[in-house]
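Here the structure comes first, spelled out in structure tokens, and everything after it is commentary.
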Amino acid sequence: MSLLRATTAIGLALALAGCGAPLAYTRFVAAVPYSTAPLPERAHVFLVAGGSDVANFAAEVAAQRELLRTRGVPADEIVCYWAKPTREAFRRDRAQYRRLAAELADCYPAATAVVREHLARAAARRPPFLYLYVTTHGLSSLLPPDVPKDLLEAPDTAMLDQYALQLAAGPGRGFHPAFLMAARRAGAPADDLVFSPAMLARALQAFPAATPKVVVLQACHAGGFAPALAEVPGLVGLAAARHDRTSFGCDPGPDMTTFGAIYIGLLADRLTTPSALPALDWPALYQQLQAQVAAAEAAQGATPSLPVYLDSRPAPAP
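The sequence shown begins at 5 in the numbering used here and counts up one residue at a time.
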């Protein structure tokens with residue numbers, strides 16, 4: 005199925021569902037509560053929209069969940085996460101958020117502590133495979149630029165001076181240093197506050213080594229996660245941008261990010277059955293993805309994001 009056909013079909017369904025979504029910000033936020041249900045016993049597909057300032061992250065999660073369902077992945081094996089928009093984000097992307105309302109109604113909060121806990125529960129249940137897709141903003145460091153490092157407590161520096169992905173339903177919207185430091189000093193573990201390479205690697209290493217793991221990170225600087233994830237056995241991963249590059253399309257207006265739209269289109273073309281997800285030809289998909297992203301960025305006159313491919317799976321026998 006082409007990306008246009010896939011996103012058009014999903015868009016029509018969501019548009020019909022969003023007709024009754026509130027127009028006012030406060031009513032919208034109240035009408036789309038976060039799920040508080042226990043994690044489904046069979047959950048092993050995790051779709052996370054972390055940013056709270058644009059709707060396209062949530063749109064990628066909604067589109068991918070619909071795609072996986074149409075390919076036969078049972079609903080109780082897929083869980084989603086999102087961050088409610090800021091007032092300004094809702095004003096700018098109101099129509100898109102309203103279209104997505106019905107799809108987001110059963111999603112959990114995109115908070116690092118919640119995602120980490122759910123991954124731990126899934127790991128203990130030894131699923132057939134793990135699929136994790138995170139789409140959000142990424143930063144190369146959370147250190148406040150106007151505060152010298154020597155004025156911070158050592159645990160604060162360790163928590164903030166690393167690559168991070170924003171999960172905006174958490175304290176400080178997942179990336180405001182003052183709120184994160186206050187939460188840590190109040191007793192919250194750093195791994196519950198910052199979605200970092202080390203935290204994610206530890207969460208994934210809790211799964212059996214033989215469990216196939218697919219991790220896709222759509223964010224600026226997402227390639228900074230590669231060294232830590234390389235230590236996780238049985239993992240294939242994609243990152244939207246090299247550690248020192250930004251990705252594109254994460255602003256108001258676009259339906260999806262540049263990387264996200266291309267990736268979901270390629271996934272739609274290649275995925276035929278649920279069991280095929282971990283067994284896809286990921287190197288070939290990456291080659292196509294890399295070429296299409298490069299072409300899209302060249303057309304926009306953008307600095308190349310240079311997506312990253314990672315594979316820690318055992319080499320096939322000769």
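Ideal Cβ positions, reconstructed from N, Cα and C, are used throughout, including at glycine.
Less than 6 Å between C-beta atoms, sequence neighbours within five positions excluded: which residues of the same chain meet that for residue i?
| i | result |
| --- | --- |
| A173 | A87, P113, A114 and A115 |
| G142 | L169, A223, C224, H225 and A226 |
| Q292 | L270 |
| S251 | C224, A244, A245, F263 and S309 |
Can you tell me the Cβ-Cβ gap for residue i and residue j, rounded? I've got them flagged as a contact below 8 Å.
| i | j | result |
| --- | --- | --- |
| G238 | K217 | 6 Å |
| F32 | F94 | 6 Å |
| R120 | D196 | 6 Å |
| D160 | R188 | 7 Å |
| Y38 | R91 | Rounded, the Cβ-Cβ distance is 18 Å, inconsistent with contact. |
Short of 8 Å in beta carbon distance, which residues of its chain neighbour residue i, apart from the five on each side in sequence? Order them along the chain.
| i | result |
| --- | --- |
| A21 | Bear in mind that the predicted position of A21 carries a pLDDT of just 47, short of 50, making it unreliable; the figure below should be weighed with that in mind. Around A21: R103, A105, A106 and E107. |
| L18 | In this prediction, L18 has a pLDDT of 44, which is less than 50 and means its spatial position is unreliable; what the coordinates show is noted afterwards. Same-chain partners within the cutoff: A66, R103, L104, A106 and E107. |
| A182 | P148 and G176 |
| G253 | N60, M260, T261, T262, F263, G264 and A265 |
| Q68 | L51, Y137, I268 and L271 |
| L233 | P201, L204, A205, L208, V219, L239, G241, L314 and S316 |
| T307 | R249, T250 and E301 |
| A213 | P237 and G238 |
Any idea which residues DSSP pairs residue i with across the strands?
| i | result |
| --- | --- |
| P148 | Answer by DSSP bridge pairing: none, since P148 is not bridged. |
| C84 | L51 |
| P113 | W86 |
| Q222 | T139 |
| A243 | L221 and V312 |
| F199 | L169 |
| L134 | K217 |
Between the Cα of residue i and those of the options, spot the shortest distance and give me the residue it belongs to.
| i | options | result |
| --- | --- | --- |
| R75 | A272, A205, S144 and L146 | A272 |
| A319 | S251, E301, V240 and A302 | V240 |
| Q222 | G55, S145, R246 and T139 | T139 |
| V36 | A226, A109 and T215 | A109 |
| M185 | L208, E157 and P201 | E157 |
| Y167 | A210, S200 and G54 | S200 |
| L289 | G178, L314 and D195 | L314 |
| T215 | L204, R189 and P282 | P282 |
| S144 | Y85, F229 and V77 | F229 |
| D80 | V198, G305, P278 and A302 | P278 |
| A117 | G54, P78 and A302 | G54 |
| A25 | Y85, R98 and A47 | R98 |
| A312 | A298, G178 and P322 | The amino acid at residue 312 is misidentified as Ala; the sequence shows Val. Checking every option, the nearest Cα to that of V312 belongs to A298. |
| D255 | L164, R96 and G305 | R96 |
| A47 | P287, L27 and C84 | C84 |
Among the residues of its own chain, which have a CB less than 7 Å from the CB of residue i, if the five just before and after it don't count?
| i | result |
| --- | --- |
| L310 | A245, R246 and R249 |
| F211 | A127, L134 and K217 |
| Q209 | V236 |
| L72 | V49 and I82 |
| V77 | V49 and P278 |
| A295 | none |
Legend entry - Touch test, the segment 54 to 64 against the segment 143 to 156, Cβ-Cβ under 8 Å, three pairs minimum: Because the criterion of three Cβ pairs below 8 Å is not met, the segment 54 to 64 and the segment 143 to 156 do not touch.
Inset, instruction - Taking 8 Å as the threshold, find out whether the segment 117 to 126 comes into contact with the segment 43 to 59 through three or more Cβ pairs. - result: yes
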